[in-house]
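These notes concern the structure reproduced below.
2 protein chains.
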Amino acid sequence: MARIAIDMDHVIADAHNGLLDWLERSYSVKPSMTPGQRFRDVLNADQYAALSARLETAEFFFNLKPLESSIETLELLQRNHEVFITTAAMFVPNSFGAKYEWIKKYLPFFEPKRIVFCGDKSIISADYLIDDHIHNFENFEGRGLLFSALHNELDSWPDRLSDWNDIGNFNF
Amino acid sequence: MARIAIDMDHVIADAHNGLLDWLERSYSVKPSMTPGQRFRDVLNADQYAALSARLETAEFFFNLKPLESSIETLELLQRNHEVFITTAAMFVPNSFGAKYEWIKKYLPFFEPKRIVFCGDKSIISADYLIDDHIHNFENFEGRGLLFSALHNELDSWPDRLSDWNDIGNFNF
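Chains as they are written, first to last, in the working numbering: chain A, 1 to 172; chain B, 1 to 172.
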């Protein structure tokens, strides 16, 4: 049995498509993004300011959809391993309640005592950390597994998981 | 430099006197409590149910006072050490916003990225954990320092800190 810490945004909750949907509804724009690009690279200043404000709202987080296969795979994973959800919610205090309710809604089997709202993830004690940002692996004592997202596709990291099928097949 | 994780309720925020004050205001009762006693030992069923409900409110947490010398000592401590505040907020989701605002109000120097809302504290990676519950030291990889509170005075634990002067004088 391993202890596996899993990030939430862009790993369990589909923040990327949540932002794309919102941009289309609000601005009728559908930016095409290439690997390594971030929203600030493809939006004008007004659009990016509005998107940043949107990222500060509880509504944004609550309305995200789960990534494909994330719920079922996580449910299986936590039968054999000690799984924690570790999200850097301290940078968006408005998201606390929404994130907690989202987990209750989509992961009703998940024990709240294994949810962690943090900032600096080097505070996490685990064998593995699955995250979409390599900076979260700095000073992490376990093994960092980079979960692929458009914004990190050009990042160089030895261990990469492309999707939840990869997580399900990984030998923890 | 050590990494020191510090619990919030009963260690930084004075939950015990907060509850006593509330009982006096609400029920005009002022229970006298002896070491090892908890509120459920000294209240009738109605009072204890009301107190438990009070503990679920944001207002309760926001209105707590800091323990004597906690703010000044914590401010000094974080100049020389990596200090995190690690509170089991997952058991009281209503407290998220209030706890965050409380820290901003009383500890304006404290970086939000070093706040952790968790449940099971074995997820914390630190050299020391200062906490008022010995069960939080189970599976904690560092050294647990028991912060004295009436409810833990009969608990047997090798390392005990009586108050914030003891924290200030401890050789981390």
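Every residue gets a Cβ at the ideal spot worked out from N, C-alpha and C, and that includes glycine. Please read all numbers here as calculations on a predicted model, not as lab measurements.
Item, Value
"Expressed to the nearest angstrom, what Euclidean distance is found between the alpha-carbon atoms of A/Gly144 and B/Ser125?", "15 Å"
"Which stretch, first to last residue, makes up the alpha helix (DSSP H) that contains A/Leu74?", "70-80"
"To the nearest angstrom, report how far apart B/Glu59 and A/Val116 are at their CA atoms.", "22 Å"
"Could you check if A/Ala53 is buried or exposed, using at least 16 other CB atoms within 10 Å of its CB as the buried criterion?", "exposed"
"Report the neighbours of A/Lys30 on chain B: residues whose CB is nearer than 7 Å to its CB, in chain order.", "Under the 7 Å cutoff, chain B gives no residues; its nearest Cβ is about 34 Å from A/Lys30."
"Report the rounded CA-to-CA distance for A/Glu82 versus A/Lys99, giving the unit in angstroms.", "20 Å"
"So, is the C-beta of B/Ala45 closer than 8 Å to a C-beta in chain A?", "no"
"Using the Cα positions of B/Ile12 and A/Ala2, report the straight-line distance between them to the nearest angstrom.", "33 Å"
"Based on the DSSP secondary-structure assignment, which residues constitute the bridge partners of A/Phe147?", "A/Leu161"
"Given this structure, state the Cα-to-Cα distance separating A/Arg66 from B/Leu76, to the nearest angstrom.", "According to the sequence shown, residue 66 of chain A is Pro rather than Arg. Cα-Cα distance, rounded: 43 Å."
"Using 8 Å as the threshold, is the segment 129-142 of chain B in touch with the segment 33-48 of chain B, meaning 3 or more CB pairs across them?", "no"
"Under 8 Å between the Cβ atoms of B/Ser122 and B/Phe147?", "no"
"Let me check one thing: in DSSP terms, what residues is A/Pro93 bridge-paired to?", "Beta-bridge pairing links A/Pro93 to no other residue."
"Any idea what DSSP makes of A/Asp14, helix, strand or coil?", "coil"
"Compute the distance between the beta-carbons of B/Val92 and B/Glu138, then report whether it is under 8 Å.", "no"
"Would you list the residues sitting across from B/Phe117 in a DSSP beta bridge?", "A/Phe117, B/Thr87"
"Jot down the residue ranges of each uninterrupted alpha helix (DSSP H) in the segment 25-70 of chain A, minimum 4 residues, whole runs only, in chain order.", "39-42, 45-54, 58-62"
"Where does A/Leu23 fall in DSSP's three states?", "helix"
"Is the beta carbon of A/Leu161 closer than 8 Å to that of A/Gly142?", "no"
"Between B/Glu111 and B/Asp120, what straight-line distance do the alpha-carbon atoms span, to the nearest angstrom?", "22 Å"
"Please classify A/Asp9: does DSSP put it in a helix, a strand, or coil?", "strand"
"With H, G and I counted as helix, E and B as strand and the rest as coil, what does DSSP make of A/Asp174?", "Here chain A has residues from 1 to 172 only, and residue 174 of chain A is not among them."
"Starting from B/Lys113, find everything on chain A with Cβ-Cβ shorter than 9 Å and list it in chain order.", "Ala88, Met90, Phe91, Cys118, Gly119, Asp120"
"In whole angstroms, give me the CA-to-CA distance for B/Lys113 and A/Met90.", "6 Å"
"Cβ of A/Val73 within 8 Å of Cβ of A/Ile6?", "Residue identity differs from the one stated: residue 73 of chain A is Thr in this sequence, not Val. In this structure, A/Ile6 does not lie closer than 8 Å to A/Thr73 by Cβ."
"Under three-state DSSP, which class holds A/Asp166?", "helix"
"Among residues of its own chain, excluding the 5 on either side of A/Glu101, which ones have a beta-carbon nearer than 8 Å to its beta-carbon?", "Phe62"
"Which same chain residues end up closer than 8 Å to B/Phe170 when comparing Cβ atoms and leaving out the 5 residues on each side of it in sequence?", "Leu145, Leu161"
"Near A/Asn80, which residues of its chain fall below 7 Å by C-beta distance, leaving aside the five closest residues on each side in sequence?", "Met1"
"Roughly how many angstroms separate the alpha carbons of B/Leu107 and B/Trp164, rounded to a whole number?", "15 Å"
"For A/Gly36 and A/Ala149, I'd like the C-alpha separation in whole angstroms.", "9 Å"
"Starting from the beta carbon of A/Glu141, find every residue of chain B whose beta carbon is closer than 8 Å, and list them in chain order.", "Ser125"
"Is the Cβ-Cβ distance between A/Ala50 and A/Ser26 less than 8 Å?", "yes"
"Tell me which same chain residues have a C-beta within less than 8 Å of the C-beta of B/Asn44, skipping the five on either side of it?", "none"
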